[in-house]
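Per our numbering: the sequence shown = residues 466 to 801.
Backbone N, C-alpha and C define an ideal beta-carbon position, used for all residues, glycine too.
Quick notes on the structure that follows.
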Amino acid sequence: MELMRAARLHIPSRTLTIEDVPRPVPGPRQVLVKVGAAGVCLSDVHLIDGTLTPAHLRGEAVTLGHEVAGTIAETGPETTGWSTGQRVVLQAGDIRDGRVLTRGVDYDGGWAEYALASADTLFELPDSIPFEQAAIIPDAVSTPWGAITTTARVRPAQAVGVWGIGGLGVHAVQLLRAVGAYPIIAVDPAPAARQRALDFGADLALDPAGPQLREQILAATGHRALEVAFDFAGVPAVREQALTALAPKGRLVLVGLTDKPLTVTDGTRFSYLQHQILGHYGSAEDAVPQLIALADGGRLDFSRSITDVLPLADAGKAVRRLHTKEGAPIRLILRP
466 MELMRAARLH
476 IPSRTLTIED
486 VPRPVPGPRQ
496 VLVKVGAAGV
506 CLSDVHLIDG
516 TLTPAHLRGE
526 AVTLGHEVAG
536 TIAETGPETT
546 GWSTGQRVVL
556 QAGDIRDGRV
566 LTRGVDYDGG
576 WAEYALASAD
586 TLFELPDSIP
596 FEQAAIIPDA
606 VSTPWGAITT
616 TARVRPAQAV
626 GVWGIGGLGV
636 HAVQLLRAVG
646 AYPIIAVDPA
656 PAARQRALDF
666 GADLALDPAG
676 PQLREQILAA
686 TGHRALEVAF
696 DFAGVPAVRE
706 QALTALAPKG
716 RLVLVGLTDK
726 PLTVTDGTRF
736 SYLQHQILGH
746 YGSAEDAVPQ
756 LIALADGGRL
766 DFSRSITDVL
776 PLADAGKAVR
786 RLHTKEGAPI
796 RLILRP
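Put into structure tokens, the structure is as follows:
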């Protein structure tokens, strides 16, 4: 039995360790991928701190990592269309027995030397896109892309607000710029995050604690207010604040995850202005190949998104850096 290194999270104790585990063997219609790069996401941090708990995990431990890119090392029986040596990106989840499961949450992910994947969850990766940039496309880029294009259905020249300029929010700013939203108003309490938003294409970056926030948004939008607001922070106060900045028939899209209650302070105003609150999670199956094509074609550039690359052995260090925001990271990458 061959072994490999993997970063395993023991769910009952929330303990992350680097272990030697059996190297997976691909079954029917599966492939084994040699991991080239794996992203570290705030969702991984929340799994470790107990904020999130896997809903469908079998057993008490899981290899983390839902953002994965690498090279096919082995194909299983009945696997067609793929061959060893091909560069690939792995979808962040899979559908099994009618349930949507998340890689690195409900089943083993890519914080390891090798990752197992169903053949229909792979996307071919052009040589023009490095593994480090490709790995973040499923989730860090595809989740805001889905929120913008599918859930919110943002159209050109619509005024939008983005609360929370972390690993997903900063890509939302970049993608909103790409689809022609205007103006794009970023809101974050951290000065470094606000500057990052401007660097990625925001027209205005505001501090949520500012006493004139709503007035500044009205001024920037020609008194239209926001047609769409996105919560990438997953903070109840953010949601309440964003609702106050919405235009009539405006939409608030909830992307950031929280287990706290969702409240509407002024129900009469909410109904009178015909506001909507829309939940969002992940992305459709076509999101990742769309983004790969746009990056390969030069329409999108994710090189600025990679703050640092660390060895797999430093997974715990990467988690701490993301949790404490040391160095204001956009995305940290693990390389086995």
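Range covered by the alpha helix (DSSP H) that runs through residue i
i, result
"residue 597", "596–600"
"residue 778", "Per DSSP, residue 778 belongs to no alpha helix (DSSP H) and is neither H nor E."
"residue 609", "607–611"
"residue 695", "Premise fails: residue 695 lies in the beta strand (DSSP E), 691–696, not in any alpha helix (DSSP H)."
"residue 753", "752–761"
"residue 579", "Careful: residue 579 lies outside any alpha helix (DSSP H), inside the beta strand (DSSP E) at 579–583."
"residue 514", "507–514"
"residue 735", "732–737"
Buried or exposed by the 16-neighbour rule on C-beta atoms within 10 Å, applied to residue i
i, result
"residue 572", "buried"
"residue 748", "buried"
"residue 490", "exposed"
"residue 502", "buried"
"residue 674", "exposed"
"residue 434", "In the structure as shown, the chain starts at 466 and stops at 801, and residue 434 therefore has no counterpart that could be examined."
"residue 771", "buried"
"residue 687", "exposed"
"residue 766", "exposed"
"residue 597", "buried"
"residue 562", "exposed"
"residue 789", "exposed"
Sub-9 angstroms separation of residue i and residue j beta-carbons
i, j, result
"residue 566", "residue 512", "no"
"residue 812", "residue 535", "The structure shown does not extend to residue 812, since the chain is modelled only from 466 through 801, so no value can be given for it."
"residue 568", "residue 551", "no"
"residue 713", "residue 738", "yes"
"residue 641", "residue 496", "no"
"residue 533", "residue 600", "yes"
"residue 695", "residue 610", "no"
"residue 603", "residue 553", "no"
"residue 722", "residue 740", "no"
"residue 652", "residue 633", "no"
"residue 471", "residue 605", "no"
Chain-order list of residues whose beta-carbon lies under 8 angstroms from that of residue i (same chain, five-residue window excluded)
i, result
"residue 661", "630, 635, 793, 795"
"residue 545", "584"
"residue 526", "473, 474, 475, 476"
Cα-Cα separation, residue i to residue j
i, j, result
"residue 520", "residue 676", "41 angstroms"
"residue 591", "residue 761", "7 angstroms"
"residue 669", "residue 801", "39 angstroms"
"residue 655", "residue 679", "18 angstroms"
"residue 731", "residue 709", "10 angstroms"
"residue 517", "residue 508", "8 angstroms"
"residue 574", "residue 494", "18 angstroms"
"residue 469", "residue 758", "32 angstroms"
"residue 683", "residue 650", "11 angstroms"
"residue 799", "residue 646", "33 angstroms"
"residue 515", "residue 715", "33 angstroms"
"residue 484", "residue 522", "19 angstroms"
"residue 754", "residue 486", "31 angstroms"
"residue 706", "residue 624", "16 angstroms"
"residue 704", "residue 691", "13 angstroms"
Delimiting residues of the beta strand (DSSP E) encompassing residue i
i, result
"residue 796", "796–800"
"residue 713", "711–719"
"residue 565", "564–567"
"residue 475", "468–475"
"residue 555", "552–555"
"residue 792", "Element bounds for residue 792: n/a, residue is neither H nor E."
"residue 539", "533–540"
Cutoff 7 angstroms; reference residue i; Cβ partners in own chain excluding five residues on either side
i, result
"residue 616", "718, 743, 745"
"residue 725", "701"
"residue 797", "505, 772, 773, 775, 783, 786, 787"
"residue 752", "607, 610, 611"
"residue 781", "481"
"residue 657", "793"
CB contact check: residue i to chain B, cutoff 9 angstroms
i, result
"residue 686", "Included in the structure is just one protein chain, with no chain B present."
Beta-carbon contacts of residue i that lie in its chain and below 6 angstroms, excluding the five residues immediately before and after
i, result
"residue 728", "none"
"residue 559", "566, 583, 586"
"residue 549", "537"
The ligand SAM heavy atom lying under 8 angstroms from the CB of residue i
i, result
"residue 620", "With respect to the ligand SAM, the structure offers nothing, as it holds no ligand at all."
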